[in-house]
Amino acid sequence: MGAMVMVLSMGRRQLTLGSLLGVMVMLLVLGAGFYVAEVQSPPVHGGIDACADFTTCFDCVASTSCGFCPVASLSPPPSVVVDAASSSSTSSSGVCYPGTAAGPAHAACAGGGWSFDACPNTTHAPGYVILAALFVYLACFATGMGPMPWTINAEIYPLSVRSTAISLSTAVNWISNLVVSLTFLSLIQATSTYATFWLYGAVATVGFVYLVYHLPETKGLTLEEIDGVFQVRGGATYEPVATDRTL
Numbered sequence: 010m011g012a013m014v015m016v017l018s019m020g021r022r023q024l025t026l027g028s029l030l031g032v033m034v035m036l037l038v039l040g041a042g043f044y045v046a047e048v049q050s051p052p053v054h055g056g057i058d059a060c061a062d063f064t065t066c067f068d069c070v071a072s073t074s075c076g077f078c079p080v081a082s083l084s085p086p087p088s089v090v091v092d093a094a095s096s097s098s099t100s101s102s103g104v105c106y107p108g109t110a111a112g113p114a115h116a117a118c119a120g121g122g123w124s125f126d127a128c129p130n131t132t133h134a135p136g137y138v139i140l141a142a143l144f145v146y147l148a149c150f151a152t153g154m155g156p157m158p159w160t161i162n163a164e165i166y167p168l169s170v171r172s173t174a175i176s177l178s179t180a181v182n183w184i185s186n187l188v189v190s191l192t193f194l195s196l197i198q199a200t201s202t203y204a205t206f207w208l209y210g211a212v213a214t215v216g217f218v219y220l221v222y223h224l225p226e227t228k229g230l231t232l233e234e235i236d237g238v239f240q241v242r243g244g245a246t247y248e249p250v251a252t253d254r255t256l
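According to the numbering used here, the sequence shown holds residues 10 to 256 in order.
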């Protein structure tokens, strides 16, 4: 109901662009939050098997089969090489071991130092930023980018092809949703969490710039008048036709 009131009062174009701008900014903020969290994450200086490939605690605990143990708490077996004496090792650094939430599989991590789901960060500020950005992202999406594509798609097509065009655009929408859902975790593993959100933010930026120049305002127009708006060619600025209607 609230979204409908905003559509009637603000119009399609303004609500869509405002919503997409908020989504774009929040995706970039989410990426920045994950970047800071990873930069502040304790470094990894050794490990076992595939867990040895990680360089930070953030990446280590992101794996479903690895956990982090600080240097001060570990009792490594001889097969594990840990450069604890190097100048790059600190009291916050550690190793990445295979294991579960109960503890490492091949070594002892004393004093409750085992971290499987989250890193022992000294500050929770990045987490608070990420959580706040996620809530704002959802609010921005729900007010515009959620309902507006369906509203606009129901108006912009000529009557002769409306049913076919709406069917095709709906199919493209759900196929795109499926692609994003199926590739999200793969993108994180191939790049990083922050790079994935920055990629989504870049896509949103391209979409925002495109809509600024090509999305007309259709508030108060009949379907026939909307057809006329889209028949305009070349560099036109889209403005609603003068009307007394408030639909």
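Yeah, the Cβ is synthetic: ideal placement off N, Cα and C, and Gly gets one too.
> Could you give the C-beta distance for Thr-227 and Arg-21, rounded to a whole number, given that I count them as a contact under 8 angstroms?
Replying inline: 5 angstroms
> Once you ignore the five residues that flank Asp-126 on each side, which residues in its own chain have a CB closer than 8 angstroms to its CB?
Replying inline: Val-70 and Ala-110
> Assuming Cys-75 contacts Tyr-106 under a Cβ cut-off of 8 angstroms, what Cβ separation, rounded to an integer in Å, is found between them?
Replying inline: 7 angstroms
>> Quick check: the Cα distance between Pro-158 and Ser-72, rounded to an integer number of angstroms?
In response: 36 angstroms
>> Report the start-end ranges of each alpha helix (DSSP H) in the stretch 195 to 233 that is 4 residues or longer and not cut off at the edges.
In response: 202 to 223
> Any idea which residues DSSP pairs Val-53 with across the strands?
Replying inline: DSSP lists Gly-103 as the beta-bridge partner residues of Val-53.
> Are the CB atoms of Pro-135 and Val-45 nearer to each other than 8 angstroms?
Replying inline: yes
> Alpha carbon to alpha carbon, how far is Asn-182 from Ala-119?
Replying inline: C-alpha separation (whole angstroms): 51 angstroms.
> From what residue to what residue does the alpha helix (DSSP H) around Gly-42 run?
Replying inline: For Gly-42, the enclosing alpha helix (DSSP H) covers residues 21 to 48.
> Skipping 5 residues on each side, what residues in its chain have a beta carbon closer than 6 angstroms to that of Val-145?
Replying inline: Met-35
> Around the Cβ of Tyr-203, are there at least 16 other Cβ atoms within 10 angstroms (buried) or fewer (exposed)?
Replying inline: buried
> Can you pull the DSSP bridge partners for Gly-112?
Replying inline: Bridge partners of Gly-112: Thr-109.
> What's the gap between the Cα of Val-212 and the Cα of Asn-186?
Replying inline: Cα to Cα, Val-212 sits roughly 14 angstroms from Asn-186.
> When you compare only the Cα positions, how much space is there between Ile-1 and His-115?
Replying inline: Nothing can be reported for residue 1: it is not among the residues displayed for the chain, which extend from 10 to 256.
>> At the level of alpha carbons, what is the spacing between Ser-124 and His-133?
In response: 15 angstroms
> Are the CB atoms of Val-32 and Cys-149 nearer to each other than 8 angstroms?
Replying inline: yes
> Roughly how many angstroms lie between the CA atoms of Ala-141 and Ser-28, to the nearest whole one?
Replying inline: 17 angstroms
> Rounded C-beta distance between Leu-230 and Leu-26? I'm assuming under 8 angstroms.
Replying inline: Incorrect: roughly 18 angstroms between the Cβ atoms, too far for contact.
>> Less than 7 angstroms between C-beta atoms, sequence neighbours within five positions excluded: which residues of the same chain meet that for Tyr-166?
In response: The beta carbon of Tyr-166 lies closer than 7 angstroms to those of Ala-174 and Ile-175 in the same chain, with the five residues before and after it left out.
> Thinking C-beta only, is Cys-60 closer than 8 angstroms to Gly-103?
Replying inline: no
> From what residue to what residue does the alpha helix (DSSP H) around Cys-69 run?
Replying inline: 66 to 71 is the span of the alpha helix (DSSP H), which, as asked, contains Cys-69.
> When burial is assigned at 16 or more other CB atoms within 10 Å of the CB, is Ser-201 buried or exposed?
Replying inline: Ser-201 comes out buried.
>> Tell me the rounded alpha-carbon separation between Leu-345 and Met-154.
In response: Coverage of the chain is limited to positions 10 through 256, which leaves residue 345 absent and any answer about it impossible.
>> If contacts are defined as beta-carbon pairs under 8 angstroms, then Phe-206 and Phe-43 qualify, I think. What distance do you get, rounded to the angstrom?
In response: 6 angstroms
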